[in-house]
Amino acid sequence: VFTASTHDYILFFTNLGRAYRKKGYLIPEAGRQARGTNIVNILPLQPGERVQAMIRLAEIEEREDSFLVFVTRNGTAKRMHLSELSNIRNTGIRAINLDEGDELISVRLTDGSCKILIATHDGMAICFDENDLRPMGRSAAGVRGIRLREGDYCVGAACTRGEGMVLTVTENGYGKRTPVEEYLRGSENAEERTAQNRGGLGLKNYNITEKTGKVADVKIVGDDDDILVVTDDGTIIRMAAEEISVYGRATQGVRLMRIGEEARVISVAITEKEEDSAEEAGETAESGGSSPGSGA
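When we follow the numbering used here, the leftmost residue of the sequence shown carries the number 1076, and every step to the right adds one.
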């Protein structure tokens, strides 16, 4: 969720590894409570294709320090110069080659100085320097970002320069904030800690129990952010990030929202702070929509 002007470019990335680009004015305006326009009326999506991430840009930059970092469900990571997407056809282009059975889950815009955090469904997470990923072209598949145990898969990714907190939210509506430095290694002095090695198993991110459910999503948040938590039955609640308790990595967190017995949290989005953000919005998400994977 982000604010964009009519002349901004919006990049859309799908689970099939394709990228689409639209100017802001080509996306129909609607009121806050309106249903909006089905994404298939905006993008020529293929059967089974859905939007996983969106990125807003004032322009497609040619600067050498602008990159996109891709993360897939099976733990593959790839870094690519943003300029590789300077010419996108109306029908979209391939942004990453995916192995059979894999899908894209997150895309992040970076400046070459970020650390990449990848989190898994079973509560593991890895945080490595983005420069551990050499830039690749659009046709490349990427390299191993995190090694997964049998049955596990990636649910989210984020980038950080060391600021902010890692927000983890579980399928049963539990969550916590954890300082970024807890995902680094080395000295007890936080300023001297370094990132983990890319391709490892990572560290324990969440103490999963039957009560909490498994991890649904992760984000990097600041005290001035609001978050939107979305469930698969269409419920959305909004809350201030600063009101979520801070806990260490291997903990259970606290209940953020109550959900129905058959419902589960499917995604989390960051948005601008509102004065009444601590109150539950009571809004309903329309079926068939897609949320940023932002990802991001």
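Virtual Cβ for every residue (Gly too), placed ideally from N, Cα, C.
Per DSSP, residue 1259 is not a residue of any beta strand (DSSP E), being assigned neither H nor E.
The C-alpha of residue 1322 lies about 32 Å from the C-alpha of residue 1090. In the DSSP assignment, residue 1217 forms no beta bridge with any residue. Within the region 1151–1233, the complete beta strand (DSSP E) segments at least 3 residues long are 1151–1156, 1179–1185, 1190–1195, 1199–1204, listed from N- to C-terminus. Rounded to whole angstroms, residue 1132 and residue 1279 show a C-alpha spacing of 34 Å.
In this structure, the beta-carbon distance from residue 1180 to residue 1229 falls below 8 Å. Put simply, of 1160, 1129, 1190 the residue whose alpha carbon is nearest the alpha carbon of residue 1271 is 1190. In the three-state reduction of the DSSP assignment, residue 1316 falls in the helix class. A direct Cα-Cα distance of roughly 17 Å separates residue 1300 from residue 1236. Looking at the backbone, the Cα of residue 1186 and that of residue 1141 are separated by about 5 Å.
Counting the other CB atoms within 10 Å of its CB gives residue 1112 a total below 16, which places it among the exposed residues. By the criterion of at least three beta-carbon pairs nearer than 8 Å, the region 1141–1151 is in contact with the region 1167–1181. One thing to note: residue 1293 has its Cβ no nearer than 8 Å to the Cβ of residue 1245. If you compare the alpha carbons of 1252, 1083, 1122, 1305 with that of residue 1240, the shortest gap goes to 1252. Of the residues 1232, 1199, 1206, the one whose Cα lies closest to the Cα of residue 1223 is 1199. Counting every other CB atom within 10 Å of its CB across the protein chains shown gives residue 1342 a total of 16 or more, marking it as buried. Residue state for residue 1099 is assigned as helix, using DSSP reduced to three classes.
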